[in-house]
Every structure is written in C-alpha cells, then in structure tokens.
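> I am attaching a structure below and will ask some questions about it afterwards.
Residue numbers (the working numbering): 128 to 251.
This is the structure:
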C-alpha cells in the first residue's frame, strides 16, 4: 500500500510540475518512476543497514538482500533500460510502454519491497 501511495504521489508531482500541466495529456516520460523508486530503495535500506551495523544487529541475510537491492537497482535496471527500454527510431528517443516504463518500474518496486521486508522482518 505504501508503494502504491508513493507511486501515486510521484505521478501527481510530475504531472503538476510539468510545463504542460492541464493543457496536454501525460507523456511517457511522466510514467518513468524507476529512478525515483531506485533511489528510495537504496537510500532507505542503506541508512537502515548503517544503523544496524553500528548496533551489531545486522545478519548475513540482510547483507545479501542489501547487495541484491543495490545490484538490481543500480546496475541491472539501468542497463536493461539503456539496451531495451527506448525506441531509438523516434526523434528524440521515447521509452517503450512495457520495456521502458512498466518493467523497470516493477523491478524497482520489487527493490523497495525487499528493503521493507528485510528491514521490518529482521528489526528486533
């Protein structure tokens, strides 16, 4: 539920802050949320990990999840988008609906879910 609210607010802020607000429909770039979701997942999980490491309450499963989130969010998703996400025949290139918007957004939302699950379930 938190992720859906976050995505909704991000879309609302993107739409309301664009220079064509209220005059034209939403463009594809407004739906590209994976960058924001990636930053949220990596920063929140890294801050959580830093505080838990200082308290010596961080186990190997949390460390593997953190590394997995960072690798997925910061290496795999951007590379995937660069290779497959944009229609290079258009000028300027625009993101494909599924390969450039939906799939990267879902993968980044998974990163947030992993960060939340490992942060909440292992916080004791």
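We put the CB at the ideal spot given by N, CA and C, even for glycine.
This structure is a prediction, so every number in the text was calculated from the model and none was measured.
Taking the alpha carbon of residue 158 as the reference point, which residue from 242, 231 and 244 has its own alpha carbon closest?
Stepping through the chain shown from its first residue, residue 158 is reached at position 31. Comparing Cα positions, the closest option is 231.
> Where residue 162 and residue 235 are concerned, what is the direct C-alpha to C-alpha distance, given to the nearest angstrom?
Residue 162 sits at position 35 when you count from the first residue of the chain shown. Residue 235 sits at position 108 when you count from the first residue of the chain shown. About 8 Å.
> How big is the Cα-Cα spacing for residue 216 and residue 141?
Locating residue 216 in the chain shown gives position 89, where the first residue counts as 1. Locating residue 141 in the chain shown gives position 14, where the first residue counts as 1. In a straight line, the C-alpha of residue 216 is about 26 Å away from that of residue 141.
> Would residue 131 and residue 238 qualify as a contact pair, given that the criterion is a beta-carbon distance under 8 Å?
Looking up residue 131 in the chain shown gives position 4. Looking up residue 238 in the chain shown gives position 111. Going by C-beta atoms, residue 131 is not nearer than 8 Å to residue 238.
> Compute the Euclidean distance between the alpha carbons of residue 222 and residue 211, then round it to the nearest angstrom.
Here residue 222 refers to the residue found at position 95 of the chain shown. Here residue 211 refers to the residue found at position 84 of the chain shown. When rounded, the distance between both Cα atoms is 9 Å.
> By the 10 Å Cβ neighbour count, where 16 or more other Cβ atoms means buried, how is residue 202 classified, buried or exposed?
Translated into the one-based positions of the chain shown, residue 202 becomes position 75. That one is exposed.
> Specify the secondary structure class of residue 205 as computed by DSSP and reduced to three states.
Start at 1 with the first residue of the chain shown, and residue 205 comes out as number 78. The answer is helix: DSSP assigns residue 205 an H, G or I state.
> Assign residue 159 to one of three DSSP states: helix, strand, or coil.
Here residue 159 refers to the residue found at position 32 of the chain shown. Three-state DSSP puts residue 159 in coil, outside helix and strand.
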